[in-house]
Amino acid sequence: MLDIRIVREDLDKVKQALATRGVAPGLLDELWDLDQQARTASTKRDTLRAEVNSISKEIAQLMRSGDTVSAGALRDRSRAIGDELSALESRAGELDVERREALLRIPNLPSEDAPVGVSEADNLIVRWWSPKSGMQNGSEINLPDYADYQRKPHWEIGSELKILDLERAAKISGSMFPMFRGLGATLERALTSMALDAHSDAFEEIRPPTLVRSATMVSTGHLPKFEEDAYRLERDDLYAIPTAEVPLTSLAKDEILLEEDLPVRLSAFTACFRREAGSAGRDTRGLLRLHEFDKVEILSYATPDQAADMHAELLRRAESLLQRLGLTYRVLDLCTGDLGNSSKRTFDLEAYSPGTGLWLEVSSVSWFGDYQARRANIRFRNSKSNQIEFVHTLNGSALAWARIWAVIVETYRQSDGSVTIPEELRPYMRNLEKIPSP
RNA sequence: GGAGAGGUGCCAGAGUGGUCGAAUGGGUCUCACUGCUAAUGAGUUGACCUGGGAAACCGGGUCCGAGGGUUCAAAUCCCUCCCUCUCCGCCA
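Just so we're aligned, residue 1 is where the first sequence starts under my numbering, counting upward by one.
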C-alpha cells in the first residue's frame, strides 16, 4: 500500500512512476479526489462528534448536581445533532473504506534503479554463471556444450528412471500436480535440507501454516487484486499459500519491532499452491508450471537503511545455491512493466534447462520497500529519531524445487541414462552417487 | 463437536453506563539520595487519523480482541464473529 500522503503531495510524480508499470493516471486522479472527499467528510464528522461529546459531559455534570430539567433539554438537543451525525458517520465511513480499497489495488512505486520497460522482453540480463565459465557480466551468454544425452526433457528422464510419475499424479489430483517417487522424492528432500542448512548461519528456520486467512493474503498484496490466482477453501474462508512469503510476512503483523533486532532473517520450507488461471497450455509440460510445488523461501524485515544490503545478501544466497548445485543460470533485473505488484525491484534467477532449451525461473528476489509493511502494519522504532517507522520487507526463493529438480536431472544425465547426483547433495542422499538407470 | 471461563496499556491486573486513555503493581526512562552497585523517594512512559506550527508543541477525533447495535453518553448493556484456557468426546 502506498502512503496516501505522497499521493496527496506529489500526485504527478506518483502518476509518472506508476505509468512505467502500466497504471492508468486516471486511477490516481480518482484516488486523489476520493482522499479529498474522505478528509472533508471526516473533519465534519469529527467537529460534530466533539459537540456531542461536550454536551454529554455537561449532561453528566447537571445530573450530578440534580438539575434534571436542564439535563433533559440538553439531551433533546444532542439527540437532534445525533441524527445529523449518524448520516455524516456513515458517509465518512464509506469514503474511508473506498479509499482504502482503491489504495489496496494500486501497485508499489518501482525503484528508480529498476529498468523501465513494458514486458518481460525488456528485462535486463545483468550476469550469468556456468560451472565452466564462472561468473560473467552482461547478456552475451555462451552456453556450455551439452551432449545429446543431456538434451532429453526431464519428464522423459523422470518416467524412464521411475522417479517422476505425472500420470498417476494426474489420476490423483489432475494435471500440473507432480508426484516424485523413489530417489526422485529423496532428491526433493535433499534439496530442502541442503538449502535450509545453507541459511542456518543467519536465518531462523520457520515451518509456518500453509492455509491462511484472507487478511494474511491482503498483507503481502496477493489479495484483493489476485483472487483468481489463489486456491480458496470456501467453507472455512482460508487460502492455500502461493508462497511462504505470505505467512512469513504476516508473522510480525501489527507489531512494533526493536531496532536492535533488525534485520530479522527468516527461512521456511513450504508447499506453494497456484491456480495458474489463464496460463493453460503455456509451457506447462512436465514440471515447468505446477499447481503445487515445494520451495524454500528466505525473508527479511529490515530498516530502510539496511534494505539495499539485504537485497544483495538474499540474491547472493540464492545464487550460491545454484552454484553449489553446478547449474547454469542467469540474473535478470526485472523491468518496471514486469515487476510484481508489491515489488520495488526484483531480480529473477533463471536456470538453464538443457532438456527443453528453456531458461526456467527458479528464484525471484524482491525488495518491497514499506509497501507490504504498511499493509501488514509492521513497524520499528528508529532509535535516532525516536520515531516509529515502517520496516522494509524483502524476500527471495532459495530455491523453487520442481524446476530445479528438472534442471538437475537433465544437466546431470549420463550417456548410460543414469543421473549423477551433484556432490553437494550426496550427504543428504545417503551418500549415493547416482540415480541408476533401470 | 459438546459444556464452561476469559480476552483491558510494554507485562501483570482492577474497573459493570458519565468524574476512565483507563486504578494499582512491575518494567522503562529522568531526577534526587548514595564512594560504586543495590535499595529508596519523586516524576515519566501508548498508537492511529486530522487541523495549526519551521519546530518544540497545541487543538479535535478514534482505539479497552474484531465488527455491528442500544443510549444524550459504552471498557462497562445487547448481537455476531475471532482467539485463548479448562473439562468431555473424537483423532494423526
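Backbone N, C-alpha and C fix where the C-beta goes; we use that ideal spot for every residue, glycine too.
The shortest CA-to-CA distance from E350 to any of V331, S385 and V97 is the one to V331.
The Cβ atoms of R100 and K225 do not sit closer than 7 Å to each other.
Counting only runs of 4 or more residues that sit fully inside the region 19–76, the alpha helix (DSSP H) segments are 25–65, in chain order. Residue A252 holds the alpha-carbon nearest to the alpha-carbon of V391 among R49, R213 and A252. For the pair I163 and E188, the Cα-to-Cα distance works out to about 11 Å. For E204, the secondary structure class from DSSP, reduced to helix, strand or coil, is strand.
Of all alpha-carbon atoms in L18, R265, W128 and K15, the one lying nearest the alpha-carbon of E205 is that of R265.
The alpha-carbon separation between D122 and L48 amounts to approximately 54 Å. Residue S42 holds the alpha-carbon nearest to the alpha-carbon of G93 among L74, R75, L124 and S42. For L103, same chain residues with a beta-carbon under 6 Å away, outside a window of 5 residues either side, are M1 in chain order. In terms of CA proximity to L191, Y428 leads the group Y428, G286 and Y412.
Listed in chain order, the non-local C-beta contacts of R426 below 7 Å within the same chain comprise L432 and E433, local neighbours out to five positions each way being set aside. By DSSP's assignment, N395 forms a beta bridge with L299 and S366. Going by C-alpha positions, R207 is about 20 Å away from E255. In the DSSP assignment, Y329 forms a beta bridge with W129 and A351. Unbroken beta strand (DSSP E) runs of no fewer than 3 residues, entirely contained in the region 172–256, are found at 204–206, 211–213 and 238–240, following chain order. Taking a cut-off of 8 Å for Cβ pairs, the region 106–113 and the region 328–346 touch, as three or more such pairs fall below it. In this structure, L299 sits away from P422, with a CB-CB distance that is not shorter than 7 Å.
For K152, the CB contacts under 6 Å within the same chain, skipping 5 residues up- and downstream, are G355 in chain order. A straight-line Cα-Cα distance of about 7 Å links V118 and R21. Q136 has W128 as its beta-bridge partners, per DSSP. Nearest in C-alpha terms to I6, of all of S418, W401, Y371 and V69, is Y371. Sequence-distant partners of D416 (beyond 5 residues in either direction) whose C-beta falls short of 7 Å from its own C-beta, in its chain, are S437.
In the displayed model, K434 falls within a strand according to three-state DSSP.
Taking R275 as reference, the option from V409, W129 and A230 with the minimal CA-CA separation is A230.
Here I241 has T210, V212, P247, T270, C272 and F273 as same chain residues with Cβ atoms under 7 Å from its own Cβ, once five neighbours each way along the sequence are excluded. Exclusion of the five residues before and after Q323 leaves W129 as the residues of its chain whose Cβ lies within less than 7 Å of its Cβ. The continuous stretches of alpha helix (DSSP H) do not include L266, which lies in the beta strand (DSSP E) extending over residues V264 to F273.
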